[in-house]
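Residue numbers (full-length UniProt numbering), protein chains in the order written: chain A, 1 to 233; chain B, 1 to 430.
A virtual CB, placed ideally from N, CA and C, is assigned to each residue, including glycine.
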């Protein structure tokens, strides 16, 4: 599903070169749930940006669902992002004056689906996150947890190959965080491939595969026996 | 198509949620465009071709005949003596030839019970005037005899004297003499009045009354425009034999051959005058076609040209301001742009969406530009009162206004849009 070989990403200023990623290798297969952990500034977000085609890389090769992304045009990258990737952000990134329906509708618009198909997908995604009855609500009328679920619905509506989550529970209290994590686990059980960056070691331990990033390199790839829901609670 | 509708909806949504901002932007652009449109309305009238179907075939005749040697009089004159003018009429080279001078008379309908007379600007001319200028007849036709007491009147005078009815065959009185009306013109707004573009009369109304020149001279109708002479004269009837320069001549030359032959005809005449010792100058006769003649007479006012430049600069400042405003808006909306890019919008799509927004803004702007421009035009005409009845916002100008508004709106948005669509996605979203 996702194959990164010797990826490097260097940020340059006039005087300094920062190696955000170096010799970064990762393979994620379909249906996996991978937690990416590491201290601040270790390169987790850079990895997620490169993986999500939001940022370029300087060396190495990256294949997403069989497509070598190196050298693709902006149009092709945008198309790949839209079709194969679902993003879940820490700050939800919902457009505040669009209602829930229109927020979830956004990526589908760029995909070119007709109105009927879009409606079907939006309703189905909202149903999946348990918020089908809130289509006309504005984001500000929902709790943080609900807003993140809407963001997940937006990511799911396009039926992507992989979900990339950047600290999806970072802005939530523990109860809401647990609900969101349960939703992600449930999606994974239904077959979704998920890569999630997190600072929370408990959340990471609840995920079968952990990847630790330090100084732009993977230092540990542990396989845990995931904690049960009762244990995570 | 569905995407286009989506972009339009998004644009309207954006405009609604940032009403104050867009009001400011639209006002800025509309002011700049309005001033330009008002100026263009005046410029358009001033620079329009009054007779486009044959403006390149009608020529003002300028001749070297002035006899005085004092000062620099080598430039050919557009005003001619009677005998020079007659020499032009004698030629059968032009398709049509006319001579004319402007006069003013007072007249009344003979059948009217009122004795009050109406002032009428008068063109003493020759029969070919009507064919050469394509004067539009409502009733009747031109006179046939250059010595007949017959006149053609304009629509305004016909309205004043006869209430606008067909007055052909009716008599009017001028200086206690009876003149029979043989033709009535339709309302005729020749802009500019090419046959009398000199002496800043290019935007005068077309004349009220047209009469045979021989009759006008016989009756000593006054010369109401520039006249220069080297001899004293008491009345226009005395000008036939004297060095009085006041008649203007126009000819229609349909082919290059006609033009060459007529130029030679004029040059031989001037040379013969020189050989006879009537003037000392090199022969420098000129034939100006209508547009050349209007340009030579500076029909487009210098003030207007300077004002046009100033309005263009003002519009450039408005575009710059609008662009700065938009840059600030796109900066504040970079999260949304970044988000759209992250979830699959390409740079092209972001650019296209912004372009459509700018077109919608341009369309709104066009409406306000035309309204404000019309107000500016009315104010501007206080500077140019002679254009009051003719400078207006016609359909062509309004379409031009819409195009300018959309173009300026797009130009304003161009740089901010390029910046927005090329922004780094990962730095815009968290």
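Counting only the same chain and skipping the five closest in sequence on each side, list residues whose C-beta sits under 8 Å from that of residue 257(B).
none
Proximal residues to residue 299(A) (C-beta, below 8 Å), its chain only, five neighbours per side dropped:
Outside the displayed range of chain A (1 to 233) lies residue 299(A), so it cannot be described from this structure.
Start-to-end residues for the beta strand (DSSP E) that takes in residue 141(B):
Counting along the chain, residue 141(B) falls outside any beta strand (DSSP E), and DSSP gives it neither H nor E.
Bridge-paired residues (DSSP) for residue 104(B):
121(B)
Measure the C-alpha to C-alpha separation of residue 406(B) and residue 64(A) and round it to an integer number of angstroms.
42 Å
In the DSSP assignment, what are the bridge partners of residue 252(B)?
58(B), 96(B)
Using 10 angstroms around the beta-carbon of residue 81(B), count the other beta-carbons present and answer buried if the total reaches 16, otherwise exposed.
buried
Do the segment 253-273 of chain B and the segment 122-134 of chain B touch if we need at least three Cβ pairs shorter than 8 Å?
no
Cutoff 8 Å: residue 357(B) Cβ touching any chain A Cβ
no
Is the number of C-beta pairs between the segment 396-405 of chain B and the segment 55-62 of chain A that are closer than 8 Å three or more?
no
Can you grab the Cα-Cα spacing for the pair residue 229(B) / residue 109(B), in whole Å?
36 Å
Please report the straight-line C-alpha distance between residue 231(A) and residue 172(A), rounded to a whole angstrom.
Caution applies to residue 231(A), whose pLDDT of 48 falls short of 50 and renders its modelled position unreliable; the value that the coordinates give is listed next. The straight-line gap from Cα to Cα measures roughly 19 Å.
Whole angstroms is fine: what's the gap from residue 164(A)'s alpha carbon to residue 423(B)'s?
21 Å
Within 10 angstroms of its Cβ, does residue 317(B) collect 16 or more other Cβ (buried), or is it exposed?
exposed
Any chance you could list the alpha helix (DSSP H) runs of at least 4 consecutive residues sitting entirely within the segment 272-316 of chain B, in chain order?
290-296
What is the residue span of the beta strand (DSSP E) that residue 25(A) lies within?
17-28
Near-chain A residues of the segment 3-17 of chain B - C-beta to any C-beta below 8 Å:
3, 6, 13, 17
Is the segment 56-65 of chain B touching the segment 266-274 of chain B in the sense that three or more CB pairs, one from each, lie closer than 8 Å?
yes
Please return the same chain residues whose Cβ sits closer than 6 Å to the Cβ of residue 170(A), not counting the five positions on each side in sequence.
90
Apply the 10 Å Cβ neighbour rule to residue 371(B) and answer buried if 16 or more other Cβ atoms are within range, or exposed otherwise.
exposed
Scan the segment 101-115 of chain A for residues whose Cβ lies nearer than 8 Å to a Cβ of chain B and list them as they occur along the chain.
106, 107, 109, 110, 111, 112, 114, 115
Just the C-alpha distance for residue 12(A) and residue 71(A), rounded to the nearest angstrom, thanks.
21 Å
I'd like to know if residue 55(A) contacts chain B, where contact means its C-beta is closer than 8 Å to some C-beta of that chain.
yes
On a CA-only basis, which of 374(B), 412(B), 420(B), 413(B) is nearest residue 38(B)? Give me that one, please.
374(B)
Measuring CB atoms only, is the segment 205-215 of chain A touching the segment 28-39 of chain A, in the sense that at least three cross pairs come out at less than 8 Å?
yes
In chain order, what residues of the same chain have a beta carbon less than 6 Å from the beta carbon of residue 160(A), not counting five sequence neighbours either side?
84, 85, 86
Contacts around residue 25(B), its chain only, beta-carbon distance under 6 Å, and the 5 residues preceding and following it disregarded:
322, 325
Counting only Cβ pairs nearer than 8 Å, list the residues of chain A close to residue 296(B).
In chain order: nothing, as chain A lies at least about 57 Å away.
Closer than 8 Å to chain B by CB, residue 87(A)
yes
Taking the continuous beta strand (DSSP E) assigned at residue 208(B), which residues delimit it?
Where residue 208(B) is concerned, there is no enclosing beta strand (DSSP E), given that its DSSP letter is neither H nor E.
As a quick exercise: from 287(B), 157(B), 34(B), 22(B), pick the residue whose alpha carbon is nearest that of residue 404(B).
34(B)
Whole-angstrom distance between residue 55(B) and residue 185(B), CA atom to CA atom:
21 Å
Can you say whether residue 17(A) is buried or exposed, counting buried as having 16 or more other CB atoms within 10 angstroms of its CB?
exposed
For residue 5(A), which residues in the same chain have their Cβ closer than 8 Å to its Cβ, ignoring the five residues on either side in sequence?
25, 60, 61, 62
Show which residues of chain A have a CB atom less than 8 Å away from the CB atom of residue 420(B).
What residue 420(B) touches in chain A: nothing, since even the nearest Cβ is about 14 Å away.
Limits of the alpha helix (DSSP H) - the one that residue 40(B) falls within:
19-47
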